[in-house]
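Counting from 1 along the sequence shown, just add 3 to a position and that's the residue number in my numbering. Note that the Cβ used here is the ideal one computed from N, Cα and C, for glycine as well. Written out below as structure tokens is the structure these notes cover.
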Amino acid sequence: VEWFSVDGHHRHSRSLSPFFSSQMTRLVTSGNQTMVTEFLFSVFPPLHQGGLLFFIPLLLIYGFIITGNLMIFIAVRLDAALHTPMYFFISVLSFLEIWYTTTTIPKMLSSLVSERKTISLAGCLLQMYFFHSLGITEGCVLTAMAIDRYIAICSPLRYPTIMTPKLCAQLTAGSCLCGFLLVLPEIAWIATLPFCGSNQIRQIFCDFVPVLSLACTDTSLVVIVDAIHAVEILASFLAIALSYVRVIVVILGMPSAEGRRKAFSTCAAHLAVFLLFFGSVSVMYLRFSATYSVFWDTAIAVTFVILAPFLNPIIYSLRNKDMKDAIGRLFCCRRRAGGAGG
């Protein structure tokens with residue numbers, strides 16, 4: 004490991020074993036402080052101590068998340084029967100899930116098989132930015148989906164004139180704008196902080212609290228930031244929950260049993276995804292003063308980052324006959340095209 008002064012001249016060097024040298028961060032000396040430029044993910048086991056046992060299932064799960072969400076996205080785009088606002092928002096959510104998981108899981112996979120389990124400061128900031136931006140965008144899209152179901156069931160006659168393709172595109176654009184702008188000030192603030200102590204992140208990805216705990220300056224502002232996040236999460240949760248409560252009340256008041264069954268079936272998948280998403284978000288970020296062990300922190304993060312995106316394609320494909328039929332038609336068309344080509 005080598006230390007350099009700020010003018011770039013060599014100061015001191017000493018040899019370390021390859022294992023330890025791969026785990027150490029590069030340090031830059033500035034004045035009397037040694038600044039951290041890389042972070043180490045300390046929760047991942049070495050390859051020979053079980054890293055491969057976690058790598059293989061995670062790789063398979065990641066492959067399923069990408070394939071499942073991509074199939075849903077393509078099926079909605081290509082099948083005319085699914086060109087409705089509800090399926091439009093489902094396809095947007097699937098598209099976001101692909102990128103949402105790609106911000107974290109590939110780095111987890113490399114950390115499980117590599118001796119060098121580090122990430123640069125810039126890489127860490129980018130991971131935090133895209134992870135939270137895409138997460139907030141997903142929350143906004145789920146809100147748009149709740150509004151869509153509310154109008155479809157509570158005002159069915161006005162639904163075609165309200166939920167136009169233009170409004171759907173505007174809601175999606177607004178969700179993206181909201182997601183990618185809300186996190187920007189916080190990331191810009193974290194980028195100005197000095198990191199000069201420990202470089203070990205006790206989490207499976209870069210997140211606000213684990214990274215801010217390593218800053219060697221006053222980060223009391225994070226309490227205000229956490230409060231803002233809590234308000235945002237609770238506001239979105241309440242808006243969606245109230246919409247679905249109203250929807251359920253209307254469904255229960257329907258005179259036809261067949262009508263109730265059909266209405267419940269269309270809302271069941273949305274409710275499941277809504278509860279899964281906001282349930283994991285709440286456990287992850289609405290802790291207030293509660294603290295957990297590294298094990299439970301990691302388990303909660305796995306549920307939030309891996310399990311929820313893994314279950315979403317299953318919920319939308321297995322619980323939805325139209326989606327299953329569209330995916331079936333997609334594969335039939337491809338087989339026919341392949342047979343014709345042969």
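Sub-9 angstroms separation of residue i and residue j beta-carbons
i	j	result
residue 207	residue 104	no
residue 281	residue 317	no
residue 276	residue 96	yes
residue 315	residue 100	yes
residue 187	residue 132	yes
residue 149	residue 171	no
residue 218	residue 197	yes
residue 228	residue 261	no
residue 221	residue 134	no
residue 85	residue 325	yes
residue 151	residue 98	no
residue 274	residue 263	no
residue 225	residue 215	yes
Backbone CA spacing between residue i and residue j [nearest angstrom]
i	j	result
residue 145	residue 195	33 angstroms
residue 111	residue 81	33 angstroms
residue 329	residue 56	36 angstroms
residue 88	residue 265	17 angstroms
residue 123	residue 173	36 angstroms
residue 334	residue 327	11 angstroms
residue 213	residue 185	20 angstroms
residue 181	residue 143	8 angstroms
residue 102	residue 258	43 angstroms
residue 61	residue 268	31 angstroms
residue 176	residue 52	46 angstroms
residue 59	residue 313	15 angstroms
residue 79	residue 127	34 angstroms
residue 167	residue 64	36 angstroms
residue 38	residue 54	30 angstroms
residue 40	residue 297	24 angstroms
residue 310	residue 192	31 angstroms
residue 83	residue 199	57 angstroms
residue 332	residue 164	30 angstroms
residue 223	residue 232	15 angstroms
residue 319	residue 67	14 angstroms
residue 113	residue 49	11 angstroms
residue 90	residue 129	31 angstroms
Per DSSP, the bridge partner or partners of residue i
i	result
residue 122	42
residue 203	43
Range of the contiguous alpha helix (DSSP H) that encloses residue i
i	result
residue 72	54 to 81
residue 262	260 to 288
residue 114	108 to 116
residue 249	224 to 255
residue 165	162 to 165
residue 307	Counting along the chain, residue 307 falls outside any alpha helix (DSSP H), and DSSP gives it neither H nor E.
residue 174	168 to 185
residue 103	88 to 105
residue 215	211 to 215
*asked:* Is it the case that the region 149 to 165 contacts the region 65 to 84, given that we only count it when at least three CB pairs across the two stretches are under 8 angstroms?
replied: no
*asked:* I want to know whether the region 117 to 124 touches the region 133 to 153 - three or more CB-CB distances under 8 angstroms.
replied: Verdict: no, contact absent.
*How do the region 304 to 313 and the region 272 to 290 stand: do at least 3 beta-carbon pairs fall below 8 angstroms, yes or no?*
yes
*Decide if the region 38 to 50 is in contact with the region 198 to 205; the criterion is three or more beta carbon pairs, one per stretch, under 8 angstroms apart.*
yes
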